[in-house]
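A.B. asks:
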Ligand code: F6P
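Residue numbers (full-length UniProt numbering): 2 to 360.
#1: To the nearest angstrom, how far is the alpha carbon of residue 197 from that of residue 229?
#2: Roughly how many whole angstroms lie between the Cα atoms of residue 126 and residue 227?
#3: Could you tell me the distance, in whole angstroms, from the CA atom of residue 183 to the CA atom of residue 166?
#4: Considering only their Cβ atoms, is the gap separating residue 33 from residue 106 smaller than 7 angstroms?
#5: Following the continuous alpha helix (DSSP H) through residue 17, name the residue where it begins and the one where it ends.
#6: My assumption, with CB atoms under 8 angstroms, is that residue 1 sits in contact with residue 25. Please give the rounded CB distance.
#7: Leaving aside the five residues before and after residue 239 along the sequence, list all residues of the same chain whose C-beta is less than 6 angstroms from its C-beta, in chain order.
#8: Just to confirm my understanding: we take residue 67, look at its own chain, exclude 5 residues before and 5 after, and list those with CB closer than 6 angstroms. What are they?
#9: Please determine, among 4, 306, 354, 261, the residue with the shortest C-alpha to C-alpha distance to residue 202.
#10: Does DSSP put residue 181 in a helix, in a strand, or in coil?
#11: Can you find a heavy atom of ligand 1 that lies under 6 angstroms from the Cβ of residue 70?
#12: Identify every residue that forms a DSSP beta bridge with residue 72.
#13: Do you know how far the Cα of residue 252 is from the Cα of residue 179?
#14: Output the distance between the C-alpha atoms of residue 92 and residue 10, rounded to the nearest integer angstrom.
#15: Measure the CB-CB distance between residue 118 and residue 294 and report whether it falls below 7 angstroms.
#16: Which residue marks the beginning of the alpha helix (DSSP H) containing residue 189, and which one marks its end?
#17: Rounded to whole angstroms, what's the CA-CA distance from residue 74 to residue 46? Just pull it up for me.
#18: How many angstroms separate the CA atom of residue 103 from the CA atom of residue 53?
#19: Just mark residue 401 as buried or exposed, buried being the case when its beta carbon has 16 or more other beta carbons within 10 Å.
#20: Can you check DSSP and say which residues form a bridge with residue 332?
#21: Using the beta-carbon count (16 or more within 10 Å), is residue 194 buried or exposed?
#22: Per DSSP, what are the beta-bridge partners of residue 142 in this structure?
#23: Under the assumption that residue 318 contacts residue 114 (Cβ atoms under 8 angstroms), give the Cβ distance between them as a whole number of angstroms.
#24: Along the chain, where does the beta strand (DSSP E) that runs through residue 161 open and close?
#25: Express the C-alpha separation of residue 124 and residue 94 in angstroms, rounding to a whole number.
#26: If you draw a straight line from the C-alpha of residue 84 to the C-alpha of residue 144, how long is it?
#27: Please return the same chain residues whose Cβ sits closer than 6 angstroms to the Cβ of residue 157, not counting the five positions on each side in sequence.
#28: Could you give the C-beta distance for residue 331 and residue 131, rounded to a whole number, given that I count them as a contact under 8 angstroms?
#29: Report the rounded CA-to-CA distance for residue 141 versus residue 191, giving the unit in angstroms.
#30: Let's see if you can read the secondary structure: which residues bound the alpha helix (DSSP H) around residue 352?
#31: Once DSSP output is grouped into helix, strand and coil, what is the label at residue 314?
Right under this line is the structure:
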C-alpha cells in the first residue's frame with residue numbers, strides 16, 4: 002500500500018481543498034482505493050514536526066471541492082512561531098524525518114507558497130520523497146504561470162473595485178483599494194485592470210506621489226469626478242526604493258505610517274484637495290469558495306501530483322506553463338520569487354489604455 006502524507010502550509014487560499022480532493026480522487030482511481038492510504042497532517046509543518054497525523058477515509062475527500070480554507074489546517078512560519086512559544090529546543094528537521102518514518106510514508110505532498118517550497122526542498126535534500134503544489138493568491142511562485150487561489154482572489158478584488166466605482170462616483174471621491182501582495186503585484190495588476198482602476202501601484206514599480214496626484218488631477222480636469230486607485234499592500238515610493246525592507250519599516254513606524262495606501266490617500270487629499278478614502282478587503286481576498294477557474298486548476302494540479310507519485314518523480318513541484326500542466330525541480334524554484342516584469346504585457350496594456358503606475 003502506498004502511504005501519502007498531505008499537508009497545507011503558509012497562508013490559506015481558495016482551492017486548497019479542491020487540490021487535496023483532486024490528489025485523493027486521482028490516487029484512488031489510479032492505484033485503487035485499497036492500495037492507497039492518505040495521511041492528513043494537521044497545521045502544516047508544525048504537524049509534521051509534532052506527528053499530528055491521521056489516516057483519512059476516502060469519504061473525507063467528498064464534498065470539499067467548493068469549500069474555502071483547508072481541511073487540514075495550516076500554520077505560517079512554524080519555525081518562528083515555535084521559537085516564540087518556547088518550543089524551540091527540538092531538532093525540527095530530525096522530527097519531521099521521524100514523523101515521515103513513523104507514519105511509514107512513501108511520499109509527502111506539500112501545498113504551499115514560497116516559504117513552504119523552501120522547506121520542501123530542504124526535506125527533499127534530506128532524502129524524503131516530496132512533491133509540492135503551488136498555492137497562493139499572490140501568484141508569485143517561480144516557474145509556474147499561475148498558482149491556485151490567485152484567480153479567485155482576482156475575482157473578489159475585482160468585485161470590490163466594481164463596488165468602489167459607484168460610491169466613488171456618488172461622492173466625487175478618490176477611492177483607494179489596498180490589495181494583498183506583499184512582495185509581488187500580480188493580484189493588484191490583474192484586479193486593477195479587470196476592475197477599471199485609473200492608477201495601479203505595485204511593489205515592482207516604485208511610485209512617485211506627485212505622479213499619482215497628477216494622474217488624479219488630470220482625470221478631474223477632463224471632467225471625471227472620481228478616481229479609483231488599486232494599491233498593492235507591499236507598495237513603496239521612489240525614496241523608499243533606495244532602502245532595505247527593515248529600514249523602510251522603521252522609517253514608516255517613526256512617521257506613524259501604517260501602510261503605503263493610507264499615506265497615499267492622505268497625500269492625495271492634501272495635494273489635490275480631493276476627498277480620498279481607503280478600503281482594505283484584506284483576508285476576504287483569501288476566504289470562501291474557489292472560482293470555477295481555480296476548481297479546474299486545482300483538479301488538474303491534483304491529477305498531475307498523482308501522476309508524479311505513480312512515476313516516483315519526487316523533488317518536484319507541479320506547475321502550469323502555457324496550457325500545459327507540468328512540474329519543476331524543487332531546487333530550480335525554491336527560494337525564488339516571480340515578480341511582475343515592468344515590461345510585462347499586462348503592464349504595457351494597462352499603460353496603453355491610460356492607466357498610471359505612478360512612475
Ligand atoms: O502570502 C499570501 C498573503 O496573502 C500576502 O499577500 C499577505 O501579505 C499575507 O498573505 C498576509 O497573510 P497573513 O495575515 O496570514 O500573515
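Where a beta carbon is used, it is the ideal one built from N, C-alpha and C, also for glycine.
C.D. replies: According to the data block:
#1: For the purposes of this step, residue 197 is taken as residue 196 along the chain shown, with counting starting at 1. For the purposes of this step, residue 229 is taken as residue 228 along the chain shown, with counting starting at 1. If I take the Cα positions, the gap works out to 8 angstroms.
#2: For the purposes of this step, residue 126 is taken as residue 125 along the chain shown, with counting starting at 1. For the purposes of this step, residue 227 is taken as residue 226 along the chain shown, with counting starting at 1. Straight-line Cα distance between these residues: approximately 54 angstroms.
#3: Within the chain shown, residue 183 is the residue found at index 182, counting from 1. Within the chain shown, residue 166 is the residue found at index 165, counting from 1. Using only the alpha carbons, I get a separation of about 25 angstroms.
#4: As a working mapping, residue 106 is identified with position 105 in the chain shown. As a working mapping, residue 33 is identified with position 32 in the chain shown. Their beta carbons are not under 7 angstroms apart, which means residue 106 does not touch residue 33 by this criterion.
#5: Sequence index remark: in the chain shown, residue 17 carries index 16 (1-based). Unbroken alpha helix (DSSP H) run through residue 17: 17-32.
#6: In the structure as shown, the chain begins at 2 and stops at 360. Residue 1 is therefore absent and cannot be evaluated.
#7: The sequence position of residue 239 within the chain shown is 238, counting from 1. Only 207, 209 meet the Cβ criterion.
#8: What you label residue 67 is simply residue 66 of the chain shown in a count that begins at 1. 290, listed in sequence order.
#9: Counted from its first residue, the chain shown places residue 202 at position 201. Of the candidates 4, 306, 354, 261, the one whose C-alpha sits nearest the C-alpha of residue 202 is 261.
#10: The residue labelled residue 181 in the question sits at position 180 within the chain shown. Residue state, collapsed to three classes: coil.
#11: Counting from 1 along the chain shown, the entry for residue 70 is found at position 69. It does not: the Cβ of residue 70 is nowhere closer than 6 angstroms to a heavy atom of ligand 1.
#12: Residue mapping note: residue 72 aligns to position 71 of the chain shown, counting from 1. None, per the DSSP bridge assignment.
#13: Numbered from its first residue, the chain shown carries residue 179 at position 178. Numbered from its first residue, the chain shown carries residue 252 at position 251. Whole-angstrom Cα-Cα distance: 20 angstroms.
#14: In the chain shown, residue 92 corresponds to position 91, counting from 1. In the chain shown, residue 10 corresponds to position 9, counting from 1. C-alpha of residue 92 to C-alpha of residue 10: approximately 19 angstroms in a straight line.
#15: The residue given as residue 118 occupies position 117 in the chain shown. The residue given as residue 294 occupies position 293 in the chain shown. Contact: no.
#16: Locating residue 189 in the chain shown gives position 188, where the first residue counts as 1. 187-195 is the extent of the alpha helix (DSSP H) around residue 189.
#17: Numbered from 1 along the chain shown, position 73 holds the residue referred to as residue 74. Numbered from 1 along the chain shown, position 45 holds the residue referred to as residue 46. Each residue's Cα considered, the two are about 11 angstroms apart.
#18: Locating residue 103 in the chain shown gives position 102, counting from the first residue. Locating residue 53 in the chain shown gives position 52, counting from the first residue. Their backbone Cα atoms lie some 11 angstroms apart in a straight line.
#19: Nothing can be reported for residue 401, as the shown portion of the chain is limited to 2 through 360.
#20: The residue given as residue 332 occupies position 331 in the chain shown. The secondary-structure analysis by DSSP pairs residue 332 with nothing; it has no beta-bridge partner.
#21: Taking the chain shown and counting its residues from 1, one reaches residue 194 at position 193. Classification for residue 194: buried.
#22: Reading the chain shown from its first residue, position 141 is the one you call residue 142. 338, per the DSSP bridge assignment.
#23: The residue given as residue 318 occupies position 317 in the chain shown. The residue given as residue 114 occupies position 113 in the chain shown. Not really, about 11 angstroms apart at Cβ, beyond 8 angstroms.
#24: Position 160 of the chain shown, counting from 1, holds the residue named residue 161. Unbroken run through residue 161 is the alpha helix (DSSP H), 151-172; no beta strand (DSSP E).
#25: Here residue 94 is taken as the residue at index 93 of the chain shown, counted from 1. Here residue 124 is taken as the residue at index 123 of the chain shown, counted from 1. One C-alpha to the other measures close to 8 angstroms.
#26: Working through the chain shown from its first residue, we reach residue 84 at position 83. Working through the chain shown from its first residue, we reach residue 144 at position 143. Approximately 32 angstroms between the Cα atoms of the pair.
#27: Here the question's residue 157 lines up with position 156 in the chain shown. Taken in chain order, the residues that qualify are 286.
#28: Along the chain shown, one-based indexing puts residue 331 at 330. Along the chain shown, one-based indexing puts residue 131 at 130. Indeed they touch by this definition, with Cβ atoms about 7 angstroms apart.
#29: Position 140 of the chain shown, counted from the start, is the residue given in the question as residue 141. Position 190 of the chain shown, counted from the start, is the residue given in the question as residue 191. Cα to Cα, residue 141 sits roughly 13 angstroms from residue 191.
#30: Translated into positions along the chain shown, residue 352 becomes position 351. Its alpha helix (DSSP H) spans residues 346-353.
#31: What you label residue 314 is simply residue 313 of the chain shown in a count that begins at 1. Here residue 314 sits in coil by DSSP.
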